[in-house]
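Notes for the one structure printed next.
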Amino acid sequence: MPLLTSVPIAALPLERFESVIGGVAYRRLLERFARGRELLDGHAMWHVSSTARGGGVAEMLVSLLAYGRGAGIDQRWEVVEGNEPFFTVTKRIHNNLHDATGDGLPLDDEAREVYESIAHGAGEELAERIVPGDVVLLHDPQTAGMIPVLKRLGVPVVWRCHVGIDTPNSITHRAWGFLRRYVQAADAYVFSRRQYVWDDLEPGKTVLIAPSIDAFSPKNQALSDGQVAGILAAAGLQEEASADDASFVRMDTSPGRVERRVEADEGRRLRPDDVVVLQVSRWDRLKDPIGVIDGFVQHVLPRSNAHLVYAGPSVDAIADDPEGKEVLEEARARFASLPRAARERVHLVTVPMSDVEENAAIVNALQRRANVVVQKSIAEGFGLTVAEAMWKARPVVASRIGGIQDQVENPRSGILVPPRDLAAYGHAVVDLVSNAELAREMGRNARGRVRDNFLGTRSLLQYIALFERLVVGEGRPAEVSEPSGYA
Ligand code: UDP
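Sequential numbering of the sequence shown, starting at 126, is according to our numbering.
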């Protein structure tokens, strides 16, 4: 069984950015891509991650690689086909890096053996396909073990870490102790924020690049009110609406239509005039589904007529997340234990994943339908869902942790609350659902914040700059880069 599977990458036109970023910035983007092409000189840029769907990393790669390919860069994307023991270990690393014990088991020699058997094998497999002049970008802890194998080929190897914690402690150090020996061999390390950079990494190899969203993807493209209502009706999320216009535009610009229905645990379906509070997240304890439900029931339900929608992907689909099913069951059990009146106002939704673009369109419609978007995570590397909601001019209530703090300027473009403070979360939500003017203004500011800082064009420029340093500087970036603003 091969350990790597190739993911097809679309080719998307950069031209569509001109209307969003303006002519000057657009011309600069074209110039930088021309430089990137010149340096690569026909060689490939390989990316490896642990999944092609579900979660923020896949979300970003789908778009960034497609724009790169559209601009003439030979992008390739491989996914590690680990087995269950491998993903159990990598989930433990992921949890530990976020200060969570996860399954409570150690990252010992046995775990290392499981990890290396897949990571080394995947590295060997990729090595057979790489030629001198190619560049490799490995994403997240699942792929770090491939670094030493690939470095033997003499090609530039970059480790892109999407996770991290503001204040490391003994649990996070334990996970880093496991990864360090692999990561140190890389030519550059990319982190989402300065706080995530480990002290014992060479500063001269460290680069900061914040994540970004694609304004034109099915997840974020503009939808009319009719499309929002149509998509929600077609997906079985909202009654009394016509499903006539459940259309969206696919990545490759062909027309798409939502046809599959979600599964929902709910007392009744949403109606068009219901006030909606939404969290969209994978079924992961670090997203705190139980806290989102309890805080809503205790602090929002008695003070407003709002409904809570907690939406996540259907759990069979996501191979690299073995805990998803269990966490969904916990949330379902909490829902079932609520009094009947509360069940009338809570909607636990799983969105089908068999067509990721259809899934994205449903999430897009939900985010646009929401009066307030919540991201009450316990830990968050960045939190793309926050940028997605802000881009849609939604007022956001989110935990004051990780990369969320880089996005939301409290209280201008959203409200930040302590991650475990259910009352603070509930009160912030009530303030926003009861003050439409405040919510509108916050939403406007939020959209501007994303336009200026978190669109894909900024990430693309930063990756080209990193790549230039790697190639021109004989495989090593000369200095630490700090995104100025992020723009
Ligand atoms: N997401 C999705 N469908 C779902 C649930 C989540 O497409 O049913 C997406 C969500 O819109 C976001 C990504 O998954 O783009 C989650 O990224 P984030 O950075 O918020 O968290 P992560 O899952 O990477 O921890």
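We treat Cβ as the ideally placed atom computed from N, Cα and C, and that holds for glycine.
Burial state of residue i, where buried means 16 or more other Cβ atoms lie within 10 Å
i    : result
R410 : buried
E140 : exposed
T292 : exposed
N489 : buried
N496 : buried
N345 : buried
S479 : exposed
P608 : In this prediction, P608 has a pLDDT of 40, which is less than 50 and means its spatial position is unreliable; nothing more can be read from the coordinates.
P127 : exposed
P343 : buried
L129 : buried
A548 : exposed
R462 : For the sequence presented, residue 462 should be read as Ser rather than Arg. By the neighbour-count rule (16 or more Cβ atoms within 10 Å), S462 is not buried but exposed.
G279 : exposed
D377 : exposed
L670 : Absent from the structure is residue 670, since the part of the chain shown begins at 126 and ends at 612.
R583 : buried
S559 : exposed
R277 : exposed
E599 : Note that E599 scores a pLDDT of 45, beneath 50, so its modelled location is shaky; the value from the coordinates is reported in the next line. Exposed, by the Cβ-count rule.
P98  : Since the displayed the chain opens at 126 and closes at 612, residue 98 lies outside it and no answer follows.
A183 : buried
E562 : exposed
D617 : This structure leaves residue 617 out entirely; the chain is present only between 126 and 612.
D441 : exposed
S429 : buried
S337 : buried
E238 : exposed
K330 : buried
G508 : buried
Reduced DSSP secondary structure (H/G/I, E/B, other) of residue i
i    : result
F341 : coil
L395 : strand
A136 : coil
F373 : strand
V533 : coil
T297 : helix
P273 : helix
P381 : Residue identity check: residue 381 is Gly in the sequence provided, not Pro. It is a strand residue.
G180 : coil
Q352 : helix
V214 : helix
P608 : Confidence is the limiting factor: at P608 the pLDDT is only 40, short of 50, which leaves the residue's position unreliable and the question unanswerable from this model.
R572 : helix
I255 : coil
D224 : coil
A310 : coil
N560 : coil
T510 : helix
P427 : helix
G528 : coil
L591 : helix
W323 : coil
Bridge partner(s) assigned by DSSP for residue i
i    : result
F316 : C286 and L333
I540 : V522
R201 : W171
H264 : R285
A389 : V474
T130 : V204
L616 : Lying before the first or after the last residue shown, residue 616 is absent from the chain, which here runs from 126 to 612.
A436 : V405 and V474
Q500 : A523
M363 : For the record, residue 363 in the displayed sequence is Gln; it is not Met. Q363 is bridged to L395.
Test: residue i CB closer than 9 Å to a CB of chain B
i    : result
G179 : Here chain B cannot be found, since the structure has a single protein chain.
Closer than 8 Å: residue i CB and nearest the ligand ZN heavy atom
i    : result
L473 : Looking for the ligand ZN in the displayed structure turns up nothing; the ligands present are the ligand UDP.
Inspect the CB distances between the segment 472-488 and the segment 377-387 and report whether three or more fall short of 8 Å.
yes
Cβ contact check for the segment 158-174 and the segment 243-262: 3 or more pairs under 8 Å
yes
Specify whether the segment 239-250 and the segment 309-321 touch according to this definition: at least 3 beta carbon pairs, one from each stretch, less than 8 Å apart.
no
Is the segment 292-309 touching the segment 496-505 in the sense that three or more CB pairs, one from each, lie closer than 8 Å?
no
Does the contact criterion of 3 or more C-beta pairs under 8 Å hold for the segment 530-550 versus the segment 589-596?
no
Do the segment 215-223 and the segment 360-375 make contact, defined as three or more Cβ pairs closer than 8 Å?
no
The segment 220-238 / the segment 282-297 touching (three or more Cβ pairs under 8 Å)
yes
Say whether the segment 152-163 touches the segment 192-203, bearing in mind that this needs 3 or more beta-carbon pairs closer than 8 Å, one atom from each stretch.
yes
Taking 8 Å as the threshold, find out whether the segment 569-583 comes into contact with the segment 529-543 through three or more Cβ pairs.
yes
Inter-stretch contact (C-beta, 8 Å, three-pair minimum) for the segment 348-366 and the segment 385-400:
yes
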